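J.:
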Amino acid sequence: MRTYSGRGPGVRDRGNADGFTLIELLTVLVIVGVLVSVAAPATGHFLDNLNFRRQTHKIMATLRYARLVSVSKGQEVHVKVDPDNETILQLSGAVEEKKECGLTENDYLKIEPEEIIFFPEGVATPATLTFTKGDRTREIRLELLTGLPSIS
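The sequence shown begins at 8 in my numbering and counts up by one.
Here it is, written out as structure tokens:
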């Protein structure tokens with residue numbers, strides 16, 4: 008015989024309720040908070056490294072571009088740091104351009120000697136570019152015979 012309990016179908020008894028207690032939820036939130044506090048500095052450092060590498064590659068791309076223009080136009084291209092804004096490379100000769108390299112005001116770019124000359128034969132004056140961002144430094148050298156930049 009069936010007895011009527013007064014509840015509709017699918018209604019559970021409160022003693023068997025599924026779900027999480029407040030203590031369980033707070034425990035999970037504390038664990039997630041600890042994981043985030045550990046991961047955040049590592050993520051920031053990773054992004055800084057990624058940005059530094061991107062800026063280095065932009066500098067190298069500008070140097071390869073200057074060499075390519077010199078070879079294709081058959082004229083010299085001179086590269087130096089823009090005296091008005093030390094975060095920009097200035098190209099003159101066969102092309103008159105200023106190239107942004109993604110540098111910020113706190114970044115430092117130095118060319119030794121002060122000017123690089125790319126010749127139509129594909130060679131360049133030997134030079135070293137030193138890119139400094141905070142405590143990190145990267146040296147980019149130009150090969151004498153090929154005029155191509157390489158990271159040392």
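Ideal Cβ positions, reconstructed from N, Cα and C, are used throughout, including at glycine. Given the structure is predicted, the values throughout are model-derived calculations rather than measurements.
#1: Tell me whether S99, by its Cβ, gets closer than 7 angstroms to a heavy atom of the ligand PLP.
#2: Let me know the alpha helix (DSSP H) ranges lying completely inside the segment 26-103, each 4 residues or longer, listed in chain order.
#3: What are the boundary residues of the beta strand (DSSP E) that F126 is part of?
#4: Three-state secondary structure (DSSP) at L155?
#5: Could you pull out every residue in the same chain whose Cβ sits closer than 7 angstroms to the Cβ of M67, ignoring the five residues on either side in sequence?
#6: What are the start and end residues of the beta strand (DSSP E) that includes T135?
#7: Suppose contacts are defined by Cβ-Cβ distances below 8 angstroms. Is V84 in contact with L96 by that definition?
#8: Over what stretch of residues does the beta strand (DSSP E) that includes T144 continue unbroken?
#9: At the level of alpha carbons, what is the spacing between H52 and T144?
#10: Please identify the residue among K140, D25, V130 whose C-alpha is closest to the C-alpha of E150.
T.: Reading from the atomic positions:
#1: Annotation note on the ligand PLP: not contained in the displayed structure, which lists no ligands.
#2: 29-80
#3: Residue 126 sits at position 119 when you count from the first residue of the sequence shown. Per DSSP, F126 belongs to no beta strand (DSSP E) and is neither H nor E.
#4: Here the question's residue 155 lines up with position 148 in the sequence shown. Of the three classes helix, strand and coil, the one that applies to L155 here is coil, per DSSP.
#5: Position 60 of the sequence shown, counted from the first residue, corresponds to residue 67. I147, P156, listed in sequence order.
#6: The sequence position of residue 135 within the sequence shown is 128, counting from 1. 135-140 is the span of the beta strand (DSSP E), which, as asked, contains T135.
#7: Against the sequence shown, residue 84 aligns to sequence position 77. Against the sequence shown, residue 96 aligns to sequence position 89. In this structure, L96 does not lie closer than 8 angstroms to V84 by Cβ.
#8: Residue mapping note: residue 144 aligns to position 137 of the sequence shown, counting from 1. Here the beta strand (DSSP E) through T144 covers 143-149.
#9: Taking the first residue of the sequence shown as position 1, residue 52 is located at position 45. Taking the first residue of the sequence shown as position 1, residue 144 is located at position 137. Their backbone Cα atoms lie some 15 angstroms apart in a straight line.
#10: The residue labelled residue 150 in the question sits at position 143 within the sequence shown. Among K140, D25, V130, the Cα nearest to that of E150 is on V130.
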